[in-house]
Structure formats: structure tokens, C-alpha cells
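**Student:**
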Amino acid sequence: MYISRIALDTFRSWNHIICDFKPGINVIYGNNGLGKTNIVEALEVTGTGISHRTSSTLPLIKKGYEKSIIRINTINNEINYKKDETNTDLNNISSLESNLDKTTYEIDLYLKGSNRAHINSGKALYVKDIIGLLPIVSFTPRDQFLIIGDPNVRRTFIDQAGSLLVPNYVQILQEFKHISKQRAALLKNIRDYSYKNQTVSLSGLEIWTGKFIESGINLTKARQETVQIINKYFKNIIKSFTNEENTGIIYVPSFEEVLFEKNSEENVENKNELFSKISEHFQRIYEGELARGCNLIGPHRDDIDFVINNISAKDFASNGESWTIAIASKMALCKALEEKNNNKPIVILDDVFAQLDENRRIRILNFALNQGQVFITTSSLSDIPNKEYIKKTNLINIGELLEKNNEINNFSEEHNNILLDVIEQRKNKQEEK
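Numbered per UniProt numbering, the sequence shown finishes at 433, counting up by one with no gaps.
#1: List the endpoints of the continuous alpha helix (DSSP H) containing N341.
#2: Since D303 contacts V347 with CB under 8 Å, what's their CB separation in whole angstroms?
#3: Buried or exposed, going by whether 16 or more other CB atoms sit within 10 Å of the CB of N80?
#4: Tell me which residue opens and which closes the alpha helix (DSSP H) that N394 is part of.
#5: Find out if the Cβ-Cβ distance for the pair S55, T209 is shorter than 9 Å.
#6: Is the distance from the Cβ of L14 to the Cβ of G33 below 9 Å?
#7: If you count every other CB in all the chains shown that lies within 10 Å of the CB of S29, and 16 or more means buried, which is it?
#8: Tell me the DSSP secondary structure of I3 in three-state form.
#9: Quick one: using the 10 Å Cβ neighbour count with 16 as the cut-off for buried, is S279 buried or exposed?
#10: Measure the CB-CB distance between G6 and I18 and report whether it falls below 9 Å.
#11: Classify N243 as buried or exposed, calling it buried when 16 or more other Cβ atoms lie within 10 Å of its own Cβ.
#12: Around the C-beta of R183, are 16 or more other C-beta atoms found within 10 angstroms, so that it is buried, or is it exposed?
#13: DSSP three-state call for E106: helix, strand or coil?
#14: Rounded C-beta distance between A326 and L146? I'm assuming under 8 Å.
#15: Counting only the same chain and skipping the five closest in sequence on each side, list residues whose C-beta sits under 7 Å from that of T226.
#16: How would you call E106, buried or exposed, if buried means at least 16 neighbouring beta carbons within 10 angstroms?
#17: Please report how far the alpha carbon of Q228 lies from the alpha carbon of K235, in whole angstroms.
#18: I'd like the span of the beta strand (DSSP E) that includes V374, first residue to last.
#19: Which word fits H300, buried or exposed, when buried means at least 16 other C-beta atoms lie within 10 angstroms of its C-beta?
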């Protein structure tokens with residue numbers, strides 16, 4: 001399967017855009033600030049339901065609009081297409097598409113109300129219903145913060161991976177987020193009432209705390225399973241990079257009691273015991289939660305730790321070492337997806353070559369070339385190693401794409417100036433010829 005086309009309406013900076021892709025490598029290049037990342041971000045959202053750039057879908061909707069639409073066409077090709085065959089003509093591949101199965105995925109993002117999804121213009125679905133149908137893994141400049149950055153970056157990585165690897169993960173995550181939000185709002189209301197010396201019933205808090213614990217346990221178990229799957233591949237990959245022993249990814253949950261639960265899912269006694277142990281924590285922090293008006297413990301505080309030679313990478317990793325570990329973790333996710341789906345995943349390399357030294361550029365490119373379809377964004381083609389291979393890729397000039405889709409009048413003055421410069425430079429080159 002490969003993605004043959006994407007169409008965006010009022011998504012991020014784009015008013016409307018249609019972009020066609022080919023099997024193999026697709027390189028979107030051109031000046032920064034023109035929307036290259038926005039295109040591959042839409043692919044990422046369709047595949048995982050989550051963007052690495054934001055925890056909410058609201059920023060994805062163009063300012064001034066109430067709705068954004070992502071449409072992606074895929075082709076389930078039965079052809080044994082090999083990216084390294086020099087006699088393959090990418091420009092003629094469209095002639096082979098008429099006999100292949102085609103699918104259109106659509107995601108409708110709303111400023112107000114629930115987001116929806118459609119397959120082949122069918123009935124409205126929840127977005128979670130199509131997550132994982134497009135197995136996509138993104139490598140981005142933010143990956144370096146996976147090691148030394150905020151825990152939220154690492155939670156996003158696990159949640160994206162879990163949505164692709166673990167059944168019902170998205171539903172479990174969404175349920176916890178909803179309950180967490182409701183409980184936090186109730187805590188804030190109780191705090192505000194206490195400031196006014198007004199009495200308020202705490203029975204509602206007890207109910208929401210029970211739901212919070214139950215949904216939190218479910219999410220903790222799902223994250224634990226996700227980390228275990230990725231870790232199986234991560235150990236071998238990072239060892240091939242560093243030759244270090246005793247490596248791995250360690251899950252550090254807020255509800256750590258889940259890690260020590262006996263392996264008997266249906267044992268009611270064990271479940272009740274686990275619930276009671278976690279409930280005791282909430283009894284101890286009750287006053288603190290009321291004072292702050294927020295949830296002090298729970299999966300929203302989870303973290304993961306990358307360990308090399310029994311030492312946390314956060315304690316020693318340089319910028320280069322952080323990149324190596326981050327790349328290895330994404331490669332591990334690709335391997336896990338390949339085993340799960342019996343098919344190679346789609347890989348996005350979003351402006352990563354400018355961040356890496358030559359050795360890491362070559363390593364990540366060679367890995368990507370052995371995956372499924374690949375999308376690369378870059379401001380300069382010179383940042384991509386293996387220049388000979390560029391000649392055999394589908395090159396997409398972002399400036400020409402903007403002109404083709406008549407986007408120049410829909411951008412801010414700053415974007416227009418960048419685009420006009422690109423157009424002027426190209427005209428000058430043509431005149432010189």
C-alpha cells in the first residue's frame with residue numbers, strides 16, 4: 001500500500017492543497033515557512049490520530065475557520081515494486097494504478113464538536129476507528145527531546161506507538177483524558193467553593209476518583225504493553241549503534257503498583273487489591289489536590305527512561321547521543337509495526353537531515369529506504385546524502401505546489417514574500433538559460 005494523493009482544506013497554513021505522491025521516495029523541498037511540515041503532519045494525524053507538534057487538534061484548523069478536512073488516497077498495489085530498481089519509471093506508475101484497490105480516508109476536524117472520519121465517503125466514524133490503518137512513523141527534529149526533554153514528549157511517543165500497536169489503545173487513552181478533565185474541573189470547583197466558605201458535596205469527587213483510577217489502570221497496562229513491544233527491538237538496534245550492553249526502555253508509571261500486579265486479569269480479588277492500593281494514595285494527597293485544584297497523580301504524569309549500560313541516558317547523553325537513541329527508538333517502532341502488520345510502515349523524515357551529521361544522515365536514510373513509502377521534507381536537497389538516489393525520487397517543489405494550487409493569496413504577508421522570492425529566483429534562472 002502507498003499514499004497516492006493528499007488533499008487539505010483549511011489545514012494549518014493551507015487554504016486548499018492537492019499533492020500527488022508516488023511509491024518509494026517522495027521529497028518535498030523548498031524554503032522554510034511554506035507548509036512542507038504541515039503536509040506530512042496531516043499524514044501523521046491520519047495514521048496515528050496524534051500530531052507530534054500539538055496535543056490538541058484545534059491548532060490544526062486554519063485561523064478564522066471552524067473546520068479542517070484531510071483526505072488521503074491510498075493504493076493497495078499488488079505489484080512487487082522495488083525502490084532500488086533503476087529501470088522503474090516513476091512517471092509511468094500511474095498507468096498501473098487502474099487495476100489496483102483504492103481507498104480514501106477522510107478526517108474532519110471541528111473547532112466545536114467531535115471530530116469525525118470516513119472511509120470511501122461512507123458513514124461517519126470516530127477518528128479512533130481508522131487509527132492504525134495507515135501505519136506511519138515520523139522522524140522529526142523534536143525527536144532529540146525524546147531523551148532530555150519534557151516527559152510530555154515521551155508520553156506522546158508512547159501514545160502514538162500504542163495507537164498503532166495495541167488494540168483499543170486510542171479508546172483507552174481518550175476515556176482517561178475525558179475522566180481526568182472532569183475530575184480536575186470538579187477539584188477546581190470544590191477549591192473555589194471552599195475559598196468562598198461555601199459547603200459542597202464530595203460524593204461526586206468520590207465517583208470520579210473511582211473512574212479515574214479504573215481508567216488510569218487500563219491506560220497504564222496499555223502503555224506497559226507498548227513499551228514491552230518496542231523494547232524488544234530497541235535493545236538490538238541500539239546495541240548495533242553503540243556496542244553497549246544492558247540497554248533498554250523502562251516504563252515509569254505514576255500507578256507503579258500496576259507493574260507488580262499478578263498475571264491474572266480475570267482474578268477479581270487481585271483487581272480489587274490493586275484498586276485499593278492506588279486509592280490509598282488519593283486519600284493521602286486529598287488535601288493537596290483540593291488546594292491545587294488538579295490531579296496530582298495518574299498516567300498524565302507517566303514517563304519512560306532510556307537506559308544505556310545500566311545508566312539513564314538523561315544523565316549523560318550529548319546532543320549526538322540523544323539523536324542516536326531517539327532514532328533507534330523510532331526504528332524499533334518501525335520493526336514492531338512490520339511484524340504486527342506483515343508489511344513495512346510508511347516513514348516520514350521531516351526536516352531531520354539538517355539536524356544530523358553525515359554518518360547519522362546515511363544511517364537513517366538507508367533504514368528508510370528499506371521501509372515502505374517514504375516522505376522527506378527539506379529546505380535544501382544538498383542536505384540529503386546519496387545524491388544519486390535523489391534522481392530516482394519523486395521531487396515536489398513546495399513553491400511550485402503553492403502556485404499550482406493558487407495558494408499565494410491565502411497566506412500572510414510574510415509567507416507571500418517568501419513565495420514571491422522563490423518565484424522570482426526561478427524566473428531569473430530560466431532567463432539565464
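Every residue gets a Cβ at the ideal spot worked out from N, C-alpha and C, and that includes glycine.
**Tutor:** Let's see:
#1: Counting from one through the sequence shown, the residue named residue 341 turns up at place 341. Start and end: 319-341.
#2: Stepping through the sequence shown from its first residue, residue 303 is reached at position 303. Stepping through the sequence shown from its first residue, residue 347 is reached at position 347. No, D303 and V347 are not in contact; Cβ-Cβ is about 26 Å, not under 8 Å.
#3: Against the sequence shown, residue 80 aligns to sequence position 80. Per-residue confidence for N80 stands at a pLDDT of 43, beneath the threshold of 50, marking its modelled position as unreliable; the derived number appears in the next sentence. That one is exposed.
#4: Along the sequence shown, read from residue 1 onward, the residue named residue 394 stands at position 394. N394 -> not in any alpha helix (DSSP H); beta strand (DSSP E) instead, spanning 394-397.
#5: Taking the first residue of the sequence shown as 1, we reach residue 55 at position 55. Taking the first residue of the sequence shown as 1, we reach residue 209 at position 209. Result no, Cβ atoms of S55 and T209 do not sit closer than 9 Å.
#6: As a position in the sequence shown, residue 14 is number 14, starting the count at 1. As a position in the sequence shown, residue 33 is number 33, starting the count at 1. As written in the sequence, residue 14 is Trp, which differs from the Leu given in the question. No, these two residues do not count as a Cβ contact at 9 Å.
#7: For the purposes of this step, residue 29 is taken as the residue at position 29 of the sequence shown. According to the sequence as given, residue 29 is Tyr; it is not Ser. Label assigned to Y29: buried.
#8: Within the sequence shown, residue 3 is the residue found at index 3, counting from 1. I3 falls in the strand class under three-state DSSP.
#9: Here residue 279 is taken as the residue at index 279 of the sequence shown, counted from 1. With fewer than 16 Cβ atoms within 10 Å of its Cβ, S279 is classed as exposed.
#10: Within the sequence shown, numbered from 1, the residue matching residue 6 stands at position 6. Within the sequence shown, numbered from 1, the residue matching residue 18 stands at position 18. In the sequence as presented, Gly is not what sits at residue 6; that position holds Ile. Their beta carbons are under 9 Å apart, which means I6 touches I18 by this criterion.
#11: As a working mapping, residue 243 is identified with position 243 in the sequence shown. The residue is exposed, with fewer than 16 neighbouring Cβ atoms inside 10 Å.
#12: For the purposes of this step, residue 183 is taken as the residue at position 183 of the sequence shown. It is buried - the Cβ of R183 has at least 16 other Cβ atoms within 10 Å.
#13: Counting from one through the sequence shown, the residue named residue 106 turns up at place 106. Strand.
#14: Position 326 of the sequence shown, counted from the start, is the residue given in the question as residue 326. Position 146 of the sequence shown, counted from the start, is the residue given in the question as residue 146. That belief holds up - the Cβ atoms of A326 and L146 are roughly 4 Å apart, short of 8 Å.
#15: Here the question's residue 226 lines up with position 226 in the sequence shown. Result list for T226: I158, A161, G162, L165, V166, in chain order.
#16: Translated into the one-based positions of the sequence shown, residue 106 becomes position 106. Classification of E106: buried, given that the 10 Å Cβ count is 16 or more.
#17: Mapped onto the sequence shown, residue 228 falls at position 228. Mapped onto the sequence shown, residue 235 falls at position 235. Approximately 11 Å between the Cα atoms of the pair.
#18: The sequence position of residue 374 within the sequence shown is 374, counting from 1. 374-378 is the extent of the beta strand (DSSP E) around V374.
#19: Within the sequence shown, residue 300 is the residue found at index 300, counting from 1. It counts as buried.
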